[in-house]
Amino acid sequence: MAREGGLDAQVRARLWDGPVRIVHWSLVLLIAFSWGAAEFDQMQLHRISGYLVIGLLVFRIVWGLWGSRTARFGSFVKGPGRTLAYLKTLPNRSPTDVPGHNPLGAWSVVAILLVLLVQVATGLFAVDVDAFEAGPLSDRVSFETGRAIAELHETSFAVLQALVVLHVAAVLYYLIWKRSNLIGPMITGRRRFAADPGLTFAPWWRVVATAVLAAAVAWILSKGLRL
Ligand code: HEM
Ligand code: HEM
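What follows is the structure in structure tokens.
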């Protein structure tokens, strides 16, 4: 009996669209790269990779509003009642058949995206101790404010690291305890279900429109809002 996706999973259907998967794995690579670049004092590379993260983040947020069903915040963010009810089922070894993020995972997605937003926003205003390295909007604030924002940039990175550790631990918990492989679908986009969930996917023109918007926002911010 196939265990992937759990239950008596028989139907293999599409779950995540291309944009969600590309954004996910690009974020993983670019966040790691941004970290490494900062550690090795490669601040120009750090900023460039940061602008790419801004583009991906804007894309993902807009995609959460008008993208495919499983990408929409409105379809996966649930209230405290549903989230608590799901939390109670967490120790069960039986995998869930939710076609998308489960109510608990949804909150971790929201938390990661919000902290990333703080990460890039603070980066834009941050300035280092000798005012040698700075984000493109740092001249809009005083040196002291830029320094305080740089501290926040550092703190938010610690929070982001903690969230990512928790995120990967949750994915491993599903893999080992619930015998449910969530990683495969995040790569291939497909998963087995007990019955076809009948998901709908956004058309390609929306991908292009969202990508153009995201690229424009990242570009303008990289220029310090000077066109
Ligand atoms: C910097 C590191 C990471 C960040 C910022 C991150 C962020 C995210 C976000 C925002 C989502 C939601 C996807 C969406 O709806 O667009 C997600 C989902 C997911 N991520 Fe990550 N992730 C990271 C690392 C990883 C790693 C290393 C793995 C593999 C072990 C992983 C596996 C997954 C899986 C399987 C899902 C789908 C979960 C589900 O089925 O609900 N992530 N991640
Ligand atoms: C994925 C997004 C980002 C991550 C993970 C990240 C992470 C970091 C880390 C770990 C540091 C070193 C902090 C320290 O130990 O002093 C740093 C410094 C810095 N980052 Fe980012 N950053 C990101 C995005 C950005 C963006 C978009 C900008 C602006 C374009 C930016 C500008 C800066 C600046 C100017 C510093 C130096 C601040 C200082 O020396 O105190 N970062 N970043």
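Per my numbering: the sequence shown = residues 1453 to 1679. Every residue gets a Cβ at the ideal spot worked out from N, C-alpha and C, and that includes glycine.
Under 6 Å from any heavy atom of ligand 1, does the C-beta of residue i make it?
i     : result
G1488 : no
G1470 : no
I1635 : yes
I1474 : no
G1557 : yes
I1500 : no
H1605 : no
When every heavy atom of ligand 2 is checked, does at least one fall within less than 6 Å of the C-beta of residue i?
i     : result
G1507 : no
V1616 : no
Q1462 : no
L1576 : yes
F1511 : no
Q1571 : yes
G1598 : no
D1493 : no
A1622 : no
D1580 : yes
A1610 : no
Considering only residues of the same chain and omitting the five flanking positions on each side of residue i, which have a CB-CB separation below 7 Å?
i     : result
F1485 : S1501
R1642 : R1464, A1465, R1466, L1467
M1638 : W1468, R1473, H1476
A1600 : none
L1576 : G1587, P1588, L1589, L1673
P1543 : none
For residue i, collect the residues of the same chain with a Cβ closer than 8 Å to its Cβ; drop the 5 residues on either side in sequence, then sort them by chain order.
i     : result
S1608 : V1567, V1570, Q1571, T1574
P1514 : It is worth fixing the name first, because residue 1514 is Val in this sequence and not Pro. Closer than 8 Å at the Cβ level, and outside the excluded window around V1514, lie T1662, L1665, A1666.
L1504 : S1478, L1482, A1670
S1560 : L1615, L1618, H1619, A1622
Going by DSSP, name the residue or residues bridged to residue i.
i     : result
A1622 : For A1622, which the question treats as bridged, DSSP gives no partner whatsoever.
V1579 : A1586
V1463 : F1645
Which residues in the same chain as residue i place their Cβ atom closer than 6 Å to its Cβ, once the five residues preceding and following it in sequence are excluded?
i     : result
L1517 : none
L1679 : none
V1510 : A1666, V1669
A1654 : G1519, S1520
E1456 : Note that E1456 scores a pLDDT of 48, beneath 50, so its modelled location is shaky; the value from the coordinates is reported in the next line. Correct list, in chain order: N1633, R1644.
G1552 : T1522, F1528
M1495 : E1585
G1676 : P1588, L1589
A1490 : H1498
M1453 : Because M1453 sits at a pLDDT of 36, beneath the cut-off of 50, its placement in the model cannot be relied upon, and the point is left open.
R1591 : According to the sequence provided, residue 1591 is Asp. The question's Arg does not apply to it. Within the same chain, D1591 has no close Cβ partners at all.
Please go through the segment 1635–1665 and give each complete alpha helix (DSSP H) segment of 4 or more residues, from N-terminal end onward. If only complete runs of 4 or more residues are kept, the segment 1635–1665 shows the alpha helix (DSSP H) at 1635–1640, in order along the chain.
Which residue spans inside the segment 1481–1526 form an unbroken alpha helix (DSSP H) run of at least 4? For the segment 1481–1526, whole alpha helix (DSSP H) runs of length 4 or above, ordered along the chain, are 1495–1518.
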